[in-house]
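The structure under discussion appears below in the form of structure tokens.
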Amino acid sequence: MKKRVTKAIFPVAGLGTRFLPATKSIPKEIMTLVDRPLIQYAIDEAREAGIKEFIFVTAKGKGALEDYFDAAPELEKNLRKKNKIDLLQELKATDMDSGAIAYIRQREALGLGHAVWCARRLIGNEPFAVILPDDVIASEKSCLLQMVEQYAETQGNIVATMEVANDQVSSYGVIDPAEDMGRIISVRDMAEKPDPAVAPSNLAVIGRYILEPPVLKRLNTLKRGSGDEIQLTDAIAEEAREGAAVYGYRFDGQRYDCGSKIGYLKATIAFGLARDDLKDDLTGFLEQTMAHRRAAE
Ligand code: G1P
Numbered sequence: 042m043k044k045r046v047t048k049a050i051f052p053v054a055g056l057g058t059r060f061l062p063a064t065k066s067i068p069k070e071i072m073t074l075v076d077r078p079l080i081q082y083a084i085d086e087a088r089e090a091g092i093k094e095f096i097f098v099t100a101k102g103k104g105a106l107e108d109y110f111d112a113a114p115e116l117e118k119n120l121r122k123k124n125k126i127d128l129l130q131e132l133k134a135t136d137m138d139s140g141a142i143a144y145i146r147q148r149e150a151l152g153l154g155h156a157v158w159c160a161r162r163l164i165g166n167e168p169f170a171v172i173l174p175d176d177v178i179a180s181e182k183s184c185l186l187q188m189v190e191q192y193a194e195t196q197g198n199i200v201a202t203m204e205v206a207n208d209q210v211s212s213y214g215v216i217d218p219a220e221d222m223g224r225i226i227s228v229r230d231m232a233e234k235p236d237p238a239v240a241p242s243n244l245a246v247i248g249r250y251i252l253e254p255p256v257l258k259r260l261n262t263l264k265r266g267s268g269d270e271i272q273l274t275d276a277i278a279e280e281a282r283e284g285a286a287v288y289g290y291r292f293d294g295q296r297y298d299c300g301s302k303i304g305y306l307k308a309t310i311a312f313g314l315a316r317d318d319l320k321d322d323l324t325g326f327l328e329q330t331m332a333h334r335r336a337a338e
């Protein structure tokens, strides 16, 4: 029988040092694109893909992230009193059922592979998704839904992938392709943050994964890799090398690296421009700013 993906892991334990000093007191996943926190985009994407259980791997200092998913009866009462029905509806759309979210603590910052491994008991013997909220993907159909549909056809492990510039590969997990079939690529091996001179391709892994339970078992015994951390890429690569099905999936959509300042700024502008209530003002402002810059040059 074909297996379905109903659980997703959200590794949110990272320190967010690239956004200091802001991340001294707020988790980076709470930072907003326009008015929604990064984590909300990740949750919405997962919900669209049919995910029912949301597993957050958190760490010290992430309290605001847990609070974000609490019910807000006072606030709702207030909005109702002021007849702010739109806002009320928007708030309602972010409600999560009690018990839908589980929080697991990662006690030591030992890397993405370790964070995923921390959720092993909640995953059990089922396929599962991993979503890195730093990677925000704007698309008509949610990226994870695209992958879940692919999984229904092929099963196996699936990682989102896209081509990046050759000098960028050292920021990513990189696929060593066996066969490129267009939408999907069968994977022979993978390398985490390789030197561009020895990278197996320029197919970068983007933060969406559908993985099968043997990957978790690999993580039990995995040695530290790139950056002296336990790497998820390494566990998937071991699986591929030993003959398990691993695919890269070229998704439809625009990916923003919201773990970097420039990616975050680009996403802020793109998401602002996509909003009917903001696009005209924002366009005018951008045009004016560019015109001033050009005049000053
Ligand atoms: C992580 C993964 C890497 C992947 C990247 C995508 O790296 O380890 O394989 O390509 O996410 O964003 P990080 O950006 O957390 O260093």
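The working numbering puts the first residue of the sequence shown at 42, with every later residue one more than the last.
All C-beta atoms in this analysis are idealised placements derived from N, C-alpha and C, irrespective of residue type, glycine included.
All values reported here derive from a predicted model rather than from experimental measurement.
At which residue ranges does the segment 280-316 contain complete beta strand (DSSP E) runs of 3 or more residues, listed in the order of the chain? 287-291 and 295-298
C-alpha distance - V205 paired with K123, whole-angstrom precision: 49 Å
Residue interval of the alpha helix (DSSP H) (run including E204): Per DSSP, E204 belongs to no alpha helix (DSSP H); it is in the beta strand (DSSP E), N198 to E204.
When you compare the CB positions of D76 and S180, do they come within less than 8 Å of one another, or not? no
Please give me, in chain order, every unbroken run of the beta strand (DSSP E) with length at least 3 that falls completely inside the segment 179-253. 198-204, 214-221, 225-233 and 244-252
Contact check, E280 vs N198, beta carbons under 8 Å: yes
Which full runs of the alpha helix (DSSP H) of 4+ residues lie inside the segment 104-165, going along the chain? 104-109, 114-122, 126-133, 153-159 and 161-164
Give the DSSP-derived three-state secondary structure of I96 in the structure shown. strand
Give a yes or no on contact between the segment 183-196 and the segment 301-311, applying the rule of three or more CB pairs nearer than 8 Å. no
Starting from K320, trace the beta strand (DSSP E) in both directions and tell me its first and last residue. Element bounds for K320: not the beta strand (DSSP E) but the alpha helix (DSSP H), K320 to A337.
Would you mind giving the Cβ-Cβ distance between K48 and E94, rounded to the nearest angstrom? I have them listed as a contact below 8 Å. 4 Å
For the ligand G1P, is there a heavy atom less than 7 Å away from the beta-carbon of T47? no
Checking contacts by CB at 8 Å: is K103 closer than that to chain C? Annotation note: the requested chain C is absent from the structure, which comprises a single protein chain.
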